[in-house]
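Just so you know, the sequence shown maps onto residues 598 to 914 in this note's numbering.
Ideal Cβ placement from N, Cα and C applies to all residues, glycine included.
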Amino acid sequence: MTTAQALMDSQVARLRTLDPRLPSTYRLPSGEPVMARLRDGSGVAGIAVRTSHRPGSLQSLWSASESAELFPLLGDHPREGMDALLHAWREQLADEGMPDRDSSCVVTWPSRDVEATRALLDHGFTPLSCLAVRSTPPGDAELIPRPPGTVTIRRAGPDDLDTVVEFTLKELEYAALVGASVHRPDAATLKRTAAHVRLHGSGPDGRDPVWIAERDGVPVGLAECGWTDTAQHHSGRRLRPGRWAYVNCVSVDEQARATGVGRELMATAHHEFARAQVLGSYLYYNPPNPLSSVFWPRQGYRPLWTIWEVRPATAVR
Ligand SMILES: CC(C)(COP(=O)(O)OP(=O)(O)OC[C@H]1O[C@@H](n2cnc3c(N)ncnc32)[C@H](O)[C@@H]1OP(=O)(O)O)[C@@H](O)C(=O)NCCC(=O)NCCS
Numbered sequence: 598m599t600t601a602q603a604l605m606d607s608q609v610a611r612l613r614t615l616d617p618r619l620p621s622t623y624r625l626p627s628g629e630p631v632m633a634r635l636r637d638g639s640g641v642a643g644i645a646v647r648t649s650h651r652p653g654s655l656q657s658l659w660s661a662s663e664s665a666e667l668f669p670l671l672g673d674h675p676r677e678g679m680d681a682l683l684h685a686w687r688e689q690l691a692d693e694g695m696p697d698r699d700s701s702c703v704v705t706w707p708s709r710d711v712e713a714t715r716a717l718l719d720h721g722f723t724p725l726s727c728l729a730v731r732s733t734p735p736g737d738a739e740l741i742p743r744p745p746g747t748v749t750i751r752r753a754g755p756d757d758l759d760t761v762v763e764f765t766l767k768e769l770e771y772a773a774l775v776g777a778s779v780h781r782p783d784a785a786t787l788k789r790t791a792a793h794v795r796l797h798g799s800g801p802d803g804r805d806p807v808w809i810a811e812r813d814g815v816p817v818g819l820a821e822c823g824w825t826d827t828a829q830h831h832s833g834r835r836l837r838p839g840r841w842a843y844v845n846c847v848s849v850d851e852q853a854r855a856t857g858v859g860r861e862l863m864a865t866a867h868h869e870f871a872r873a874q875v876l877g878s879y880l881y882y883n884p885p886n887p888l889s890s891v892f893w894p895r896q897g898y899r900p901l902w903t904i905w906e907v908r909p910a911t912a913v914r
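What follows is the structure in structure tokens.
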């Protein structure tokens, strides 16, 4: 019988040859074991974790209320292994009785592992989000000459709370149409609390970097960012260890889109990230978003992990 450690070791080695920017170790959460056997008699395994996102939690804005997540250990069998494991998981979930509304099945998997992609698609999963990364090119730290007469970018402070909340809510409204986000009744309160924390800076690095773009003194865009130490953040297990910059929300007023506001905001952010000497920057975007799926690759971001979902959880095949 193949041990979980042997599956993990061969999986990590295989994935690192597919994508050298993946981390070299993974921390598995504790949860329910899932097992499956392949045609050649070998085994694959996984850990299944159930999570409830109660009303009033920030995660409820980007997750279904009840979610079941699988952490697969497939060794060298990405396609047959993922297929067999998803069959086994589906039977386990049927016994558990997932709700048929506001629920999801989630598998986060390296974007470049297309053999596993086939199995996920066959089981009804959709690529709702991806974690994308950008390394800092050497030129980023140099001063950016900005032509006069375009937008003005300035750092946001506590007095900008209303503006920041307004832009983050517009982004949520758009994102809820094209991805995993959900516009909950308490969204405005949750966004206000989160923005307050960012702008007042209770974290170890002080205030998080948030920028506002203005045209003729009127706010037209927002870039809300932060710093992540992989040892302390849940995204950490997906990134190479170290300090990263995190792009949480970029939102441009509908009338001002496609006129270079987003590009100007990110030029300023990338310049600041380079000065802070982070390993790189990362963010989540939704592949079905017709704006961000073009914008982020143009900004140098590329998918590292894809977050596959079936909603509701009972629709898994
Ligand atoms: C995504 C968003 C932030 C981009 O900001 P923007 O100010 O419109 O983008 P820019 O004008 O700076 O355009 C930069 C690049 O994006 C692409 N782009 C922008 N608007 C586009 C459009 N309508 N169609 C296709 N591509 C577009 C272009 O390729 C452009 O690159 P180029 O000019 O170098 O060719 C903005 O469209 C937005 O707020 N969208 C709604 C909310 C959202 O999706 N936020 C991101 C969540 S991850």
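message: In whole angstroms, give me the CA-to-CA distance for ASN886 and ALA772.
response: 7 angstroms
field: Any C-beta of chain D under 8 angstroms from that of GLU693
entry: Reference to chain D is not applicable here, since this structure consists of a single protein chain.
- prompt: Measuring CB to CB, does ALA753 end up less than 8 angstroms from LEU796?
  reply: yes
field: Through-space distance from ARG854 to THR648, alpha-carbon basis
entry: 37 angstroms
- prompt: Do you know offhand how far PRO734's Cα is from ALA842's?
  reply: 14 angstroms
message: Any contact between the region 689-708 and the region 856-868? By contact I mean 3 or more CB pairs, one from each, below 8 angstroms.
response: no
Residue ranges of each alpha helix (DSSP H) within the region 624-688, 4 or longer: none
Nearest-angstrom Cα separation, counted from THR825 out to ARG895: 23 angstroms
field: PRO652 classed as buried or exposed, judged by whether at least 16 other C-beta atoms fall within 10 angstroms
entry: exposed
message: So VAL858 and VAL844 are supposed to be a Cβ contact under 8 angstroms. How far apart are they, rounded?
response: Actually they do not touch by this definition, with Cβ atoms about 15 angstroms apart.
query: Which term fits GLY877, buried or exposed, when burial requires 16 or more other beta carbons within 10 angstroms of its beta carbon?
result: buried
- prompt: From the DSSP output, which residues share a beta bridge with ASP826?
  reply: ARG840
- prompt: Quick one: what's THR723 bridged to in DSSP?
  reply: GLU906
- prompt: Hey, would you say GLY643 sits closer than 8 angstroms to LEU682, going by beta carbons?
  reply: yes
field: Proximity of TRP905 and PRO724 at Cβ, strictly below 8 angstroms
entry: yes
message: Taking 7 angstroms as the cut-off, is the beta-carbon of ARG687 closer than that to any non-hydrogen atom of ligand 1?
response: no
query: So, helix, strand or coil for ARG709, using DSSP?
result: coil
- prompt: Span of the beta strand (DSSP E) holding LEU880?
  reply: 877-882
field: Any 3 or more C-beta pairs closer than 8 angstroms across the region 669-679 and the region 707-725
entry: yes
message: In whole angstroms, give me the CA-to-CA distance for LEU635 and LEU671.
response: 10 angstroms
- prompt: Shortest alpha-carbon distance to ALA633 belongs to which of VAL609, VAL761, LEU619, GLU688?
  reply: GLU688
message: Rounding to the nearest angstrom, what Cα-Cα distance links ARG789 and ARG624 in this structure?
response: 32 angstroms
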